[in-house]
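Asker: The opening position of the sequence shown corresponds to residue 1 in full-length UniProt numbering, with each subsequent residue numbered one higher.
Built from N, CA and C at the ideal position, the CB exists for glycine as well.
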Amino acid sequence: MESITKNRQSAAALRAMVARAYGPDEVCDGEDWAGELGNGCFNVVYRIRLRSGTQAVLKIAPPPDVEVLTYERGAMATELAALRLVREHTKVPVPEVEFADRSQEVCDAAYFFMSYVDGDDLHTLRDTLTDAEKEAYDERLGAITRELNSIPGPAFGPLTGPGTRTWRPAFLRMVDELLRDGERRGIALPCGYDLIRGLVAAHADALDEVTEPRFVEWDLWSGNCMVRDGRVVAIVDHERAFYGDPLMEFGFAGCESSAFGDSTAFLRGYGHPPLTEPERIRRRLYNLHLALVLCIETTYRAYSDDGHYDWACGHLRETVALLGG
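1) Tell me Y46's beta-bridge partners as DSSP assigns them.
2) Distance, Cα to Cα, G142 vs A132?
3) So, at 6 Å on beta carbons, what are the nonlocal neighbours of R102 in its own chain, with the 5 sequence-adjacent residues on each side left out?
4) So which of T124, K6 and V57 has the shortest CA-CA distance to W33?
5) Pick helix, strand or coil for Y309, following the three-state DSSP scheme.
6) Look up D194 in the DSSP assignment and say whether it is helix, strand or coil.
7) Pick out whichever of V44, Y22 and N39 has its Cα sitting closest to the Cα of V7.
8) State the DSSP-derived secondary structure class of S52, mapped to helix, strand or coil.
9) By the three-class DSSP mapping on this structure, what secondary structure does C295 have?
10) What are the boundary residues of the beta strand (DSSP E) that F215 is part of?
11) Reducing DSSP to helix, strand and coil, say where E79 ends up.
12) From which residue to which residue does the alpha helix (DSSP H) around I144 run?
13) With H, G and I counted as helix, E and B as strand and the rest as coil, what does DSSP make of C225?
14) Suppose the cutoff is 7 Å on Cβ atoms and the five residues either side in sequence are ignored; what does the same chain contact list for R73 look like?
15) Quick one: using the 10 Å Cβ neighbour count with 16 as the cut-off for buried, is L195 buried or exposed?
16) Considering only C-alpha positions, which residue in the set C225, F112, R146 and K59 is nearest to D245?
17) By Cβ distance, which residues of its chain are closer than 7 Å to R283, with the 5 residues on each side in sequence left out?
18) Can you give the beta carbon distance from I151 to R214, rounded, assuming they're within the 8 Å contact cut?
19) Please classify A100: does DSSP put it in a helix, a strand, or coil?
20) In chain order, what residues of the same chain have a beta carbon less than 6 Å from the beta carbon of E239, not counting five sequence neighbours either side?
21) Assuming L172 and V200 make a contact with CB atoms under 8 Å, what is their CB distance in whole Å?
22) Ends of the beta strand (DSSP E) at F112?
23) Out of curiosity, what's the CA-to-CA distance linking A259 and L125?
24) In angstroms, rounded to a whole number, what distance separates the CA positions of Y303 and P64?
25) Check whether the stretch 185–193 touches the stretch 313–324, taking contact to mean three or more Cβ pairs, one atom from each stretch, closer than 8 Å.
26) Would you check if the distance between the CB atom of Q9 and the CB atom of I48 is smaller than 8 Å?
27) Which partner residues of D120 appear in the DSSP bridge assignment?
28) How is I281 classed by DSSP in three states: helix, strand or coil?
29) Using 10 angstroms around the beta-carbon of residue 326, count the other beta-carbons present and answer buried if the total reaches 16, otherwise exposed.
30) Over the uninterrupted alpha helix (DSSP H) stretch that includes G182, give me the two end residues.
31) Does the beta-carbon distance from E98 to A204 come in below 8 Å?
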């Protein structure tokens, strides 16, 4: 999807970045050595061929003059931290960071190079899979998510800090930041801002059940799962990770909304029993947060198609109703 946050660079700038990362001898001449990978909606991502024939992936942060959502500020630093944590503490396959530069000397934003992963994203392939194959992948995503959630955190909140000792204030801040982002740009929501704040406050006691901060990938859906020959070969796009409640993972969203599919196979792979009543309340709160993100980001990214916004608003109405609004 097209977004104004995609910070496309000239061929000369890309060559300068390659030279800084790998040395001038690896800079290619001619054509077809760099091509944009178009699946992402936030950062621009390029597939780069080096002179040696090796391929790499270049990811560039948004332009400095483009306003992003509050939680998206410093997203590249978050992704670099997440990649390091996943590599150090799990066996979940992720790309290797080969070079990172935040100096803004050859580009107007931070960027990093990572290893190229030969595979297809699972979302693109889903329509070609049998039901049994889809379930097997969803089970595998459940197991991968549980492994990611095994990483302990020092506090609740951003990977790069600062954090809070308890989960309730951390989550309430996440929701409040989104609502302030929406109000600042005058974004219309199908439910009033004050109504949403009231609903979250009324159900906030359920958050106190969460006492241990854990690594939460949050954006682990099929589009960020790379597969090849029936295997998961990499999980990509980690810029939304934080320390929080594992129940906030995307794979659990279908437990309280059919809009995100069926979570049965995911739960089986994760090894999670059916949700308790407090867990269902928390998951509804997390679906509310997810719906707010999906609604509000459409304005910040200047999507040309209203379909994404309309779908997200429908999900927001559904979740508000489940919470008694």
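Answerer: Considering the structure as presented:
1) In DSSP, Y46 forms a bridge with E36 and L58.
2) Those two C-alpha atoms are separated by around 15 Å.
3) Around R102: A110.
4) When only C-alpha atoms are compared, the closest one is V57.
5) Helix, per DSSP.
6) D194: helix per DSSP, three-state reduction.
7) It is worth fixing the name first, because residue 7 is Asn in this sequence and not Val. When only C-alpha atoms are compared, the closest one is V44.
8) Coil at S52, not helix or strand.
9) In this structure, C295 counts as helix in the three-state DSSP scheme.
10) Start and end: R214 to V216.
11) The answer is helix: DSSP assigns E79 an H, G or I state.
12) Unbroken alpha helix (DSSP H) run through I144: D131 to N149.
13) Looking at C225 - three-state DSSP - the assignment turns out to be strand.
14) Cβ neighbours of R73 beyond the five flanking positions: none.
15) In the assembly as shown, L195 is an exposed residue. Its beta-carbon has fewer than 16 other beta-carbons within 10 Å.
16) When C225, F112, R146 and K59 are compared, the shortest CA-CA separation from D245 is found for R146.
17) Apart from sequence neighbours up to five positions away, the residues of its chain that approach R283 with a beta-carbon distance below 7 Å are L247, F252, C255, E256 and L275, ordered along the chain.
18) For a cut-off of 8 Å, the C-beta gap from I151 to R214 is around 7 Å, short enough to register as a contact.
19) In this structure, A100 counts as strand in the three-state DSSP scheme.
20) Within the same chain, E239 has close Cβ partners A75, T78 and E79.
21) 7 Å between Cβ atoms; contact.
22) Element bounds for F112: Y111 to S115.
23) Distance between the alpha carbons of A259 and L125: 19 Å.
24) Cα to Cα, the separation comes out at about 19 Å.
25) Yes: the two stretches touch, three or more of their Cβ pairs being nearer than 8 Å.
26) If you check the CB distance, Q9 and I48 do not come in under 8 Å.
27) Secondary-structure assignment with DSSP links D120 through a beta bridge to V227.
28) I281 falls in the helix class under three-state DSSP.
29) The requested residue 326 is not part of the displayed model; the chain covers only 1 to 325.
30) Element bounds for G182: W167 to R184.
31) No, Cβ-Cβ distance for E98 and A204 is not below 8 Å.
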